[in-house]
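Undergrad: What follows is a structure written as structure tokens; I'll ask about it next.
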Amino acid sequence: GNSVTQMEGPVTLSEEAFLTINCTYTATGYPSLFWYVQYPGEGLQLLLKATKADDKGSNKGFEATYRKETTSFHLEKGSVQVSDSAVYFCALSRIDNFNKFYFGSGTKLNVKP
Amino acid sequence: DAGVTQSPTHLIKTRGQQVTLRCSPKSGHDTVSWYQQALGQGPQFIFQYYEEEERQRGNFPDRFSGHQFPNYSSELNVNALLLGDSALYLCASSRRGAGVTYNEQFFGPGTRLTVL
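Following this line, the structure appears as structure tokens:
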């Protein structure tokens, strides 16, 4: 089946620290991989995506590389800001499966000044 | 261009009641998916509508039903509400059809349902 596992939070960092949030997946076929971010009281916003192996998604200083050999899609940022405090969700989807998304349980990030 | 919109923002119901949530997809999108996000959890897929038909369904009971209208907007109906139905309900829209090479979904802000 299809599933996503991400590291449990919360993750607490000081401003300008390096961020890694681990995400691994199980999937049949060739999924696309996504990171979504959810700010308090809001819906999900797409942060970045990768549609095939070895692709690197990037946005707003965040990066993640689709690693088929390790079935991973870890999220990284070199220098976090207080405004990055949010819940981050890793997700997978297959276009040949009616675009059904499978989400991880989310990782809460707290960035302190 | 308005993104995905949902109404109402918040809703309070009692056990046994019925509720209807509404969603308008992003302009140019024809597919609507519904997700349930319990507190502290990731969204769980409920079902997806395309061409006014339910195309795929997650592990949710028949108390959860939906509808899609010719203008692509959608409704989620939940009957016989249980306390455990309290959650944030998210609508997501996407575009299907020839030429779609990846499957990004755009999410609405959600409807917070509280069942007392």
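For the protein sequence lines, the chains are A and B, in the order given. To convert, note that position 66 of the first sequence is 66 in this note's numbering; the numbers rise steadily by one, no gaps. To convert, note that position 50 of the second sequence is 50 in this note's numbering; the numbers rise steadily by one, no gaps. Glycine included, each C-beta is placed from N, C-alpha and C at the ideal position.
(1) Counting only C-beta atoms, is A:N99 closer than 8 Å to chain B at any point?
(2) Hey, A:I21 and A:Y88 are a contact pair by Cβ (cut 8 Å); roughly how many whole angstroms apart?
(3) Kindly provide the ranges of any beta strand (DSSP E) runs that are 3 or more residues long and lie completely inside the region 20-98 of chain B, ordered along the chain.
(4) How close, in whole Å, do the beta carbons of A:T24 and A:T5 come, if the pair is a contact with beta carbons under 8 Å?
(5) Taking 8 Å as the threshold (beta carbon to beta carbon), is A:G1 in contact with chain B?
(6) Around the C-beta of B:D85, are 16 or more other C-beta atoms found within 10 angstroms, so that it is buried, or is it exposed?
(7) What residues in its chain sit with their C-beta under 6 Å from that of B:R22, if we drop five residues either side in the sequence?
(8) Looking at A:D54 and the ligand SAM, is the gap between the Cβ and the nearest heavy atom below 7 Å?
(9) So the candidates are A:F103, A:S93, A:S105, A:E16; which of them puts its Cα closest to the Cα of A:G61?
(10) Could you check what DSSP says for A:V82 in three-state terms: helix, strand or coil?
(11) What are the residues of the region 34-61 of chain A that lie near chain B, defined by any Cβ-Cβ distance shorter than 7 Å?
(12) Between B:Q68 and chain A, is any beta-carbon pair separated by less than 8 Å?
(13) Just by C-beta distance, which residues in the region 59-90 of chain A are closer than 8 Å to chain B?
(14) Could you confirm whether any beta carbon from chain A is found closer than 8 Å to the beta carbon of B:L113?
(15) Using CA coordinates, which residue listed in A:F18, A:G1, A:N2 is at the minimum distance from A:V82?
(16) Whose Cβ in chain A lies nearer than 7 Å to the Cβ of B:G42?
(17) Is the beta carbon of B:T9 less than 8 Å from the beta carbon of B:V115?
(18) Could you have a look at A:S105 and say whether DSSP puts it in helix, strand or coil?
TA: On the basis of the supplied data:
(1) yes
(2) Contact between A:I21 and A:Y88 holds, since their C-beta atoms are separated by about 6 Å, short of 8 Å.
(3) The region 20-98 of chain B contains these whole beta strand (DSSP E) runs: 31-37, 44-50, 53-57, 64-68, 74-78, 87-94.
(4) 5 Å
(5) no
(6) buried
(7) Only S7, E75 meet the Cβ criterion.
(8) The ligand content of the structure shown is nil, which means the ligand SAM is not present either.
(9) A:E16
(10) helix
(11) E42, G43, L44, L46, K49, T51
(12) no
(13) F89
(14) With a threshold of 8 Å between beta carbons, B:L113 makes no contact with chain A.
(15) A:F18
(16) F89, F103, G104, S105, G106
(17) no
(18) coil
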